[in-house]
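Report on the structure given below.
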Amino acid sequence: MHRWVMGALVCLALSTTTRAQSADHAPISLDVRDADVRDLLDALASNHNLNVVYGPDTHAKISIHLESVSLPVAVDAIVRAGGLSSFRREGILYVLRATDEAATRVEARSFELEFADLTQTRELVSGLLGPSGKLSSYAYGRTLVVWDEPQRLEQIATLIANTDQRPRQVMIEARILEVTLNDNMALGINWTEVLNEGKLSTRLSQEAFASNPTGVRPGFFATLRHGDLRALLEALETRTRVRALANPKVLGLDNRTAEIIIGGRLGYFVTTSTASATLQSVQFIEVGTQLKLTPHIAADGSVLMDVHPEVSDGEIVNGLPRENTTEATTTVLVPAGETLFLGGLIRDKTTRTRTAVPFLGRLPLLGWLFSRTADTHEKTEIVVLVTPLLTGAGAPPPETPGP
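First residue of the sequence shown: 1213, per the working numbering; consecutive thereafter.
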């Protein structure tokens, strides 16, 4: 063994010029067989002013051949060939068993979140943990505590710093309109005629949910400029009756769902039977006007919106719920300040009314002779108008006025 070590020392002497050279840049050539890792590293330490500390059970026999490599590469090759691990701290090379090295380098660091979601951040951080890393989260204080190697902790700190940013905000102005369809609008409103009548400065870029050879769009979405919105509504009101179902404003966060519900809840009993007992609970269905929006703010100030409008009504018949709903789901890119126009949601509504002669209409058995029941059918189209307005840090810089 000593003969091979002496050979290694000769090779090292021939491969280096003077000790004045940088230890990390002096080329190293090495050709040994069945040499102990410690002997090889001691030889390198003597010739390159290297400080080495060994942990227990770090003896290993290796055979290695290197030609003109740097000192860090040679050290890493020797350590890895011996099935060991190493790291440098304050100019000292520590050589340990793999398990000892991992345990020695594990440190703890806490991260207090300001804006990021605690659960989502925990999922992101867990993907960066090393074999010896672990993670704990505390809802109180919105804090993550991470145990891992220093290098991985730095990567985790960078990830959290990039994700825990003040979110951008968007003001969402929404209008949900109910347009009554007359006999000339059996297939819905011919929006092309309405736009022409309104003399809009720009035409809508329509994208149909379903094509129709007659030109009537049973369902489409488009965007309107700010000045065109008023003209569209005025043109629509000259043709039929328009009723506002909701006109809310909500301030939402980027990538967070905002939900607007105007209506009521109908309750009904649900009975569950087991071998030992029968349980009865109350469940509810929500009816009325609902609008769910998830804005995603782009760098250029435009807003990609996930939109889900829903208009529903229902009743409880013999203890069972019955619901009629008109809804749609779409994702649209809208420039900030412009209006998303979503139309073509047609629904039929039947209203039953009873008129009777006072007092006589309430007589038992004969009351029907002095009363009348009539069903009124009404077809309406639901129109949803959504305008995103960026606020605060999310707003784009003001435009430079023209000449």
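For glycine and all other residues, C-beta sits at the position ideal for the given N, C-alpha and C.
Which two residues bound the contiguous alpha helix (DSSP H) that contains residue i?
{"i": "Gln1377", "result": "Gln1377 -> no alpha helix (DSSP H), and no H or E assigned at all."}
{"i": "Thr1331", "result": "1330-1338"}
{"i": "Asp1288", "result": "1283-1293"}
Taking all protein chains shown into account, do 16 or more other C-beta atoms lie within 10 angstroms of the C-beta of residue i, making it buried, or fewer, making it exposed?
{"i": "Pro1260", "result": "Here the sequence assigns His to residue 1260, which means Pro is not the residue at that position. The residue is buried, with at least 16 neighbouring Cβ atoms inside 10 Å."}
{"i": "Asp1360", "result": "buried"}
{"i": "Gly1476", "result": "exposed"}
{"i": "Pro1425", "result": "Only weak support is given to the placement of Pro1425: the predicted model assigns it a pLDDT of 38, under 50, and the value that follows is read from those uncertain coordinates. The residue is exposed, with fewer than 16 neighbouring Cβ atoms inside 10 Å."}
{"i": "Ile1384", "result": "buried"}
{"i": "Phe1481", "result": "exposed"}
{"i": "Ala1328", "result": "buried"}
{"i": "Ala1422", "result": "Residue placement at Ala1422 cannot be trusted, given a pLDDT of 38 that sits under 50; what the coordinates show is reported in the next sentence. By the 10 Å Cβ count, Ala1422 comes out exposed."}
{"i": "Pro1507", "result": "buried"}
{"i": "Leu1532", "result": "exposed"}
{"i": "Phe1323", "result": "buried"}
{"i": "Gly1606", "result": "With a pLDDT of 45 at Gly1606, under the threshold of 50, the modelled position of that residue is not reliable, and no figure is offered here."}
{"i": "Pro1521", "result": "buried"}
{"i": "Leu1253", "result": "buried"}
{"i": "Ile1528", "result": "exposed"}
{"i": "Thr1537", "result": "exposed"}
{"i": "Thr1541", "result": "exposed"}
{"i": "Gln1381", "result": "buried"}
{"i": "Ala1487", "result": "exposed"}
{"i": "Thr1599", "result": "buried"}
Taking the continuous beta strand (DSSP E) assigned at residue i, which residues delimit it?
{"i": "Asn1261", "result": "It is not in any beta strand (DSSP E) - Asn1261 carries neither H nor E in the DSSP assignment."}
{"i": "Thr1537", "result": "1532-1539"}
{"i": "Phe1496", "result": "1490-1509"}
{"i": "Ser1349", "result": "1346-1350"}
{"i": "Gly1475", "result": "1470-1485"}
{"i": "Thr1542", "result": "1542-1546"}
{"i": "Asp1466", "result": "Segment: none, Asp1466 is in no beta strand (DSSP E) and carries neither H nor E."}
{"i": "Val1358", "result": "1355-1360"}
{"i": "Asp1512", "result": "That residue, Asp1512, is in no beta strand (DSSP E); it is neither H nor E in DSSP."}
{"i": "Leu1248", "result": "Reading off the sequence shown, one finds Asp at residue 1248, where the question assumed Leu. Start and end: 1240-1248."}
{"i": "Val1454", "result": "1454-1458"}
{"i": "Glu1319", "result": "1319-1324"}
{"i": "Val1569", "result": "Per DSSP, Val1569 belongs to no beta strand (DSSP E) and is neither H nor E."}
{"i": "Arg1300", "result": "1297-1301"}
{"i": "Leu1308", "result": "1304-1308"}
Could you say which of the options lies nearest to residue i if we only look at CA atoms?
{"i": "Leu1325", "options": "Gly1475, His1271, Gln1377, Val1291", "result": "Gln1377"}
{"i": "Gly1295", "options": "Ser1282, Val1281, Ile1274", "result": "Ile1274"}
{"i": "Ser1297", "options": "Glu1319, Val1264, Ile1276", "result": "Val1264"}
{"i": "Glu1366", "options": "Glu1539, Tyr1352, Arg1321, Leu1347", "result": "Arg1321"}
{"i": "Leu1601", "options": "Asp1525, Ala1510, Gln1332", "result": "Ala1510"}
{"i": "Phe1553", "options": "Tyr1352, Glu1527, Gln1492, Thr1543", "result": "Thr1543"}
{"i": "Thr1469", "options": "Gln1495, Met1517, Arg1317", "result": "Met1517"}
{"i": "Pro1379", "options": "Leu1463, Pro1521, Ala1548, Val1249", "result": "Leu1463"}
{"i": "Gly1555", "options": "Leu1445, Gln1495, Val1569", "result": "Leu1445"}
{"i": "Lys1591", "options": "Thr1541, Leu1578, Arg1559, Thr1567", "result": "Arg1559"}
{"i": "Ser1524", "options": "Glu1535, Gly1549, Phe1496", "result": "Glu1535"}
{"i": "Ile1372", "options": "Arg1334, Arg1292, Asp1251", "result": "Arg1334"}
{"i": "Tyr1266", "options": "Val1494, Gln1492, Val1291, Leu1340", "result": "Val1291"}
{"i": "Arg1250", "options": "Ser1280, Ile1240, Asp1288", "result": "Asp1288"}
{"i": "Ile1473", "options": "Gly1479, Leu1465, Lys1461", "result": "Lys1461"}
{"i": "Glu1550", "options": "Glu1527, Val1529, Ser1514, Thr1585", "result": "Ser1514"}
{"i": "Ile1594", "options": "Thr1603, Gln1502, Val1546", "result": "Gln1502"}
{"i": "Ser1363", "options": "Leu1340, Ser1348, Gly1353", "result": "Checking the sequence, you will find Gln at residue 1363 rather than Ser. Out of Leu1340, Ser1348, Gly1353, Leu1340 has the C-alpha closest to the C-alpha of Gln1363."}
{"i": "Gln1332", "options": "Thr1355, Gly1342, Arg1317", "result": "Thr1355"}
{"i": "Asp1246", "options": "Leu1262, His1271, Ala1257, Leu1581", "result": "His1271"}
{"i": "Leu1330", "options": "Glu1319, Arg1442, Thr1375, Pro1576", "result": "Thr1375"}
{"i": "Asp1248", "options": "Ala1293, Arg1387, Glu1319", "result": "Ala1293"}
{"i": "Ser1344", "options": "Arg1317, Val1357, Ser1241", "result": "Arg1317"}
{"i": "Asp1243", "options": "Ala1257, Ala1286, Ser1258", "result": "Ala1286"}
{"i": "Glu1567", "options": "Pro1576, Phe1299, Arg1584", "result": "Looking at the sequence shown, residue 1567 is not Glu but Thr. Ranking Pro1576, Phe1299, Arg1584 by Cα distance to Thr1567 puts Arg1584 first."}
{"i": "Thr1565", "options": "His1589, Leu1557, Leu1577", "result": "His1589"}
{"i": "Glu1279", "options": "Ser1349, Ala1255, Pro1239, Gln1381", "result": "Pro1239"}
{"i": "Val1499", "options": "Gly1479, Thr1484, Asp1512", "result": "Gly1479"}
{"i": "Asp1512", "options": "Leu1505, Ala1386, Val1546", "result": "Val1546"}
{"i": "Ser1338", "options": "Arg1309, Thr1483, Ala1351, Ala1369", "result": "Ala1369"}
Under 7 Å: does the beta carbon of residue i sit that close to some heavy atom of the ligand ADP?
{"i": "Glu1335", "result": "Of ligands this structure carries none, so the ligand ADP is not represented either."}
Measuring CB atoms only, is the stretch 1451-1465 touching the stretch 1381-1394, in the sense that at least three cross pairs come out at less than 8 Å? Contact holds: three or more Cβ-Cβ distances are below 8 Å.
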